[in-house]
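Chemist:
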Amino acid sequence: MINFSGLPEQYKRLSASMAISIEQVLQDCCYICGAQVDTLEEQLAARTGSSFCLCCANGTDALTLAIMAWGAGHGDAVFVPAFTFAATAEAVALRGATPVFVDVNETFNIDPASLEHAISTIRQEGWLRPVGILAVNLFGVPADYRRLNHIAAREGLWLLEDAAQSFGASRFGRASCTFGEISATSFFPVKPLGCYGDGGAIFTDSRPHAETIHSLRLHGKGSSKYDHRIIGINSRLDTLQAAVLLQKLSIFDDELAARNENAKKYTAALSRFGIAPVIPADTVSAWSQYTLRLPDRVTRDRLKLELSTCGIPSMVYYPAPLHLQAAFAYLGGRKGMLPVSEATCEQVLSIPVHAYLGQEDLALIISTITEFMIKKT
Ligand SMILES: *Cc1c(COP(=O)(O)O)cnc(C)c1O
65 MINFSGLPEQ YKRLSASMAI SIEQVLQDCC YICGAQVDTL EEQLAARTGS
115 SFCLCCANGT DALTLAIMAW GAGHGDAVFV PAFTFAATAE AVALRGATPV
165 FVDVNETFNI DPASLEHAIS TIRQEGWLRP VGILAVNLFG VPADYRRLNH
215 IAAREGLWLL EDAAQSFGAS RFGRASCTFG EISATSFFPV KPLGCYGDGG
265 AIFTDSRPHA ETIHSLRLHG KGSSKYDHRI IGINSRLDTL QAAVLLQKLS
315 IFDDELAARN ENAKKYTAAL SRFGIAPVIP ADTVSAWSQY TLRLPDRVTR
365 DRLKLELSTC GIPSMVYYPA PLHLQAAFAY LGGRKGMLPV SEATCEQVLS
415 IPVHAYLGQE DLALIISTIT EFMIKKT
């Protein structure tokens with residue numbers, strides 16, 4: 065039985081050094097804000113080329129802290145893709161702002177044309193004030209930030225990068241986590257860089273944003289421990305998780321290269337069926353997922369069953385677009401509003417792509433899908 069995440073194999077590889085790293089934290093007894101958190105923040109900033117990195121409790125908090133830094137709230141519209149994990153829009157809604165759902169394109173990311181249309185519609189209606197764009201790098205592929213930056217500048221909007229699935233990716237010769245005025249990532253265990261629990265980080269080149277977020281994540285802390293200048297939240301990364309992440313970072317490039325190799329083999333074998341993911345030029349995906357696009361729901365579900373019969377796990381990320389989810393029904397989303405997102409939810413199937421797949425695993429997965437596609441057509 066093939067594993068979907070590769071986490072058991074990764075633990076085997078790291079277990080000796082991981083035990084030493086964790087034991088050090090237990091001996092130091094500095095469980096919150098320990099030295100490992102500072103070291104990690106320095107390494108993450110250096111790696112991405114970002115001026116500031118601030119770790120926090122999870123990826124949803126990273127988005128929330130960014131939105132708090134801009135002060136978005138009631139009456140404000142934030143443009144969000146409809147095809148993403150719920151946390152993206154949840155962070156907006158929890159601040160009292162209104163997520164405005166936008167369609168995606170063949171790359172699974174926000175469609176700049178649909179975004180422009182949504183901005184002008186919201187301006188014409190006049191009920192909400194457009195304040196920001198929250199773009200997601202789904203499955204590890206950075207969105208089209210050249211066009212998004214252009215739209216944001218022209219419209220006077222801020223741009224937040226949801227890099228929860230794309231740590232390690234690059235596009236236009238730049239690293240993910242540097243595309244937004246603020247960028248947010250997640251260290252949830254199955255993300256490209258994952259810890260042994262929850263964790264997240266915020267990246268920015270802006271000193272004022274970094275200072276605000278530094279305070280916000282520590283209860284709005286001012287110049288001393290019991291001086292509070294603003295209302296903040298409690299969102300810190302545990303020292304234990306930082307120690308875990310430092311170990312995982314040491315093998316990250318090797319794992320990323322292996323995922324890229326696997327993805328290359330899949331695409332070479334499967335692109336003739338028109339089901340391989342579309343990766344824009346000048347892009348290195350973090351390959352948090354390798355997601356096939358089948359012609360329709362019936363074919364997708366049949367392939368999922370066929371794979372499962374052969375001991376191959378697969379996942380549907382995501383089965384429903386956010387504008388049709390009960391949690392966001394108050395926004396008045398209707399079927400047919402965002403046709404590409406809706407169709408995509410019926411077509412997608414993610415297959416294992418992790419760094420610890422053996423050559424026999426890859427061969428089995430490729431031959432199973434190939435035979436299915438030939439039989440089907
Ligand atoms: C995982 C994820 C988040 C949330 O991260 P958590 O650490 O689980 O809070 C946000 N956005 C996207 C696109 C994600 O995949």
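For the sequence shown, this note's numbering gives the first residue as 65, with consecutive numbering after it. Where is the CB? At the ideal position from N, CA and C, for every residue including glycine.
1) On the CB-based measure, 16 or more other CB atoms within 10 Å of its CB, does glutamate 105 come out buried or exposed?
2) DSSP state of tryptophan 222, grouped into three classes?
3) Of the residues Glu245, Ala199 and Gln74, which one's Cα is nearest the Cα of cysteine 117?
4) So, valine 142 versus valine 168, is the Cβ gap smaller than 8 angstroms?
5) Could you name the residues of the same chain whose beta carbon sits closer than 6 angstroms to that of isoleucine 183, not counting the 5 residues immediately before and after it, in chain order?
6) Drop a sphere of 10 angstroms on the beta-carbon of asparagine 298, count the other beta-carbons inside from all chains shown, and report buried for 16 or more, exposed for fewer.
7) Which residues in the same chain have their Cβ closer than 6 angstroms to the Cβ of threonine 162, if we skip the five residues on either side of it in sequence?
8) Taking lysine 440 as the reference, which of Phe231, Ala345 and Arg364 has the closest Cα?
9) My assumption, with CB atoms under 8 angstroms, is that valine 205 sits in contact with isoleucine 174. Please give the rounded CB distance.
10) Could you check if lysine 255 belongs to the surroundings of ligand 1, using beta carbon to heavy atom distance under 7 angstroms?
11) Do you know whose CA, among Glu170, Ala136, Gln100 and Ala151, lies nearest threonine 408's CA?
12) Which residue from Leu421, Gly113, Gln88 and Met65 puts its Cα closest to that of alanine 327?
13) Hey, is glycine 123 close to ligand 1, as in C-beta under 7 angstroms from one of its heavy atoms?
14) Does the distance from the C-beta atom of glycine 296 to that of cysteine 119 stay below 8 angstroms?
15) Counting pairs of Cβ atoms below 8 angstroms between the segment 259-277 and the segment 118-132, do you hit three or more?
16) Taking C-alpha atoms, which residue in His387, Pro416, Gly396 and Ala390 lies nearest to proline 377?
17) Does the beta-carbon distance from leucine 358 to leucine 301 come in below 8 angstroms?
18) Which of the three DSSP states is assigned to methionine 379 in this structure?
19) Here's a check: name, in chain order, each residue in its chain whose Cβ is nearer than 6 angstroms to the Cβ of leucine 304, leaving out the five neighbours to either side.
20) So, leucine 280 versus leucine 129, is the Cβ gap smaller than 8 angstroms?
21) Three or more C-beta pairs under 8 angstroms: does that hold for the segment 393-404 against the segment 331-349?
22) Name the DSSP beta bridge partners of valine 144, please?
23) Given 7 angstroms as the limit, tell me if glutamine 353 has its C-beta closer than that to any heavy atom belonging to ligand 1.
24) Roughly how many whole angstroms lie between the Cα atoms of alanine 207 and proline 344?
25) For a test of the three-state rule: what should DSSP assign to arginine 398, helix, strand or coil?
26) Would you please state the rounded distance, in angstroms, between the beta carbons of threonine 276 and alanine 155? I believe it to be under 8 angstroms.
27) Between the Cα of proline 272 and the Cα atoms of Ile96, Ser115, Met65 and Cys97, which residue gives the shortest distance?
28) Alanine 322 and alanine 419: beta carbons closer than 8 angstroms?
29) Just how far apart, CA to CA, sit threonine 112 and leucine 202?
30) The beta strand (DSSP E) spanning isoleucine 415 covers which residue range?
31) For glycine 196, which of helix, strand or coil comes out of DSSP?
32) Alpha carbon to alpha carbon, how far is threonine 268 from leucine 71?
33) Which term fits cysteine 94, buried or exposed, when burial requires 16 or more other beta carbons within 10 angstroms of its beta carbon?
34) How about lysine 65 and glycine 375: are their beta carbons less than 8 angstroms apart?
35) Could you spell out where the beta strand (DSSP E) holding phenylalanine 267 opens and where it closes?
Modeler: Well, looking at it:
1) With 16 or more Cβ atoms within 10 Å of its Cβ, glutamate 105 is classed as buried.
2) Shown here, tryptophan 222 sits in a strand according to DSSP, grouped into three states.
3) Looking at the Cα atoms, Glu245 is the closest of the given residues.
4) Going by C-beta atoms, valine 142 is not nearer than 8 angstroms to valine 168.
5) Excluding sequence neighbours, isoleucine 183 sits near Pro194 and Glu219.
6) It is exposed - the Cβ of asparagine 298 has fewer than 16 other Cβ atoms within 10 Å.
7) The residues are Ala141 and Leu192.
8) Arg364 is the residue among Phe231, Ala345 and Arg364 whose C-alpha sits nearest the C-alpha of lysine 440.
9) At roughly 11 angstroms, the Cβ-Cβ gap does not stay under 8 angstroms, so valine 205 and isoleucine 174 are not in contact.
10) Taken from the Cβ of lysine 255, at least one heavy atom of ligand 1 lies inside 7 angstroms.
11) From the listed residues Glu170, Ala136, Gln100 and Ala151, the smallest Cα separation to threonine 408 is found for Glu170.
12) Of the candidates Leu421, Gly113, Gln88 and Met65, Leu421 places its Cα closest to the Cα of alanine 327.
13) Checking every heavy atom of ligand 1 against the Cβ of glycine 123, one is found closer than 7 angstroms.
14) Contact flag unset, no.
15) The answer is yes - the segment 118-132 touches the segment 259-277, with three or more Cβ pairs under 8 angstroms.
16) Restricting attention to His387, Pro416, Gly396 and Ala390, the CA atom closest to the CA of proline 377 is found in Pro416.
17) Not in contact: leucine 358 and leucine 301 (Cβ atoms no closer than 8 angstroms).
18) The three-state secondary structure of methionine 379, taken from DSSP, is strand.
19) Around leucine 304: Val89.
20) Yes, the Cβ-Cβ distance between leucine 280 and leucine 129 is below 8 angstroms.
21) No, the segment 393-404 does not touch the segment 331-349.
22) Beta-bridge pairing links valine 144 to Phe165.
23) A distance criterion of 7 angstroms places the beta-carbon of glutamine 353 beyond contact range of ligand 1, judged by its closest non-hydrogen atom.
24) If you take the alpha carbons of alanine 207 and proline 344, they lie about 9 angstroms apart.
25) Looking at arginine 398 - three-state DSSP - the assignment turns out to be coil, as it is neither helix nor strand.
26) 16 angstroms between Cβ atoms; not a contact.
27) Checked all of Ile96, Ser115, Met65 and Cys97; the closest Cα to proline 272 is Ser115.
28) For alanine 322 and alanine 419, yes; Cβs fall inside 8 angstroms.
29) When rounded, the distance between both Cα atoms is 18 angstroms.
30) From DSSP, the beta strand (DSSP E) with isoleucine 415 extends over 412-415.
31) Here glycine 196 sits in strand by DSSP.
32) In a straight line, the C-alpha of threonine 268 is about 30 angstroms away from that of leucine 71.
33) That one is exposed.
34) For the record, residue 65 in the displayed sequence is methionine; it is not lysine. The answer is yes: Cβ separation under 8 angstroms.
35) Following the DSSP letters along the chain, one finds phenylalanine 267 inside the beta strand (DSSP E) bounded by residues 264-268.
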